[in-house]
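> Sharing a structure below in structure tokens format, with a few things to ask.
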Amino acid sequence: MEEQKSQSATKNPKKANLVDHHSIKHVLDESVTEIVTSRGYVEDVRMSNLRLVMGTVIIVIALFAQFYKKKFPENRDFLLLCIALYPF
Numbered sequence: 064m065e066e067q068k069s070q071s072a073t074k075n076p077k078k079a080n081l082v083d084h085h086s087i088k089h090v091l092d093e094s095v096t097e098i099v100t101s102r103g104y105v106e107d108v109r110m111s112n113l114r115l116v117m118g119t120v121i122i123v124i125a126l127f128a129q130f131y132k133k134k135f136p137e138n139r140d141f142l143l144l145c146i147a148l149y150p151f
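For what it's worth, the numbering used here labels the leading residue of the sequence shown as 64, then goes sequentially.
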């Protein structure tokens with residue numbers, strides 16, 4: 064049992080900047096992912112992909128609202144539609 068622990072510790076040492084909490088979190092996330100996947104579980108990334116798609120849609124709506132051909136008083140209805148679509 065002790066041999067397995069020492070082998071796994073020397074097999075893939077991870078380094079992190081101890082002053083940077085984002086670096087520490089990244090190393091911890093990678094370590095947990097490796098442990099969980101090595102035990103036979105499959106990583107589910109559907110929620111991350113959904114968030115990326117939602118962010119992309121929101122950015123596209125914002126770009127349409129920003130670069131619409133007409134100026135403000137004329138495109139008021141279009142802007143209101145974009146604002147209404149944003150939360151959905």
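Note that beta-carbon positions come from the ideal geometry of N, C-alpha and C, so glycine has one too. Values in this document were obtained by computation on a predicted structure and should not be read as measured data.
(1) Would tyrosine 149 and isoleucine 122 be called neighbours here (beta carbons separated by less than 8 Å)?
(2) Should lysine 132 be labelled buried (16 or more other beta-carbon atoms within 10 Å of its own) or exposed?
(3) To the nearest angstrom, report how far apart glutamate 152 and asparagine 75 are at their CA atoms.
Let me spell this out:
(1) Within the sequence shown, residue 149 is the residue found at index 86, counting from 1. Within the sequence shown, residue 122 is the residue found at index 59, counting from 1. No, the Cβ-Cβ distance between tyrosine 149 and isoleucine 122 is not below 8 Å.
(2) Sequence index remark: in the sequence shown, residue 132 carries index 69 (1-based). Exposed is the call here.
(3) No answer is possible for residue 152: the residues shown for the chain start at 64 and end at 151.
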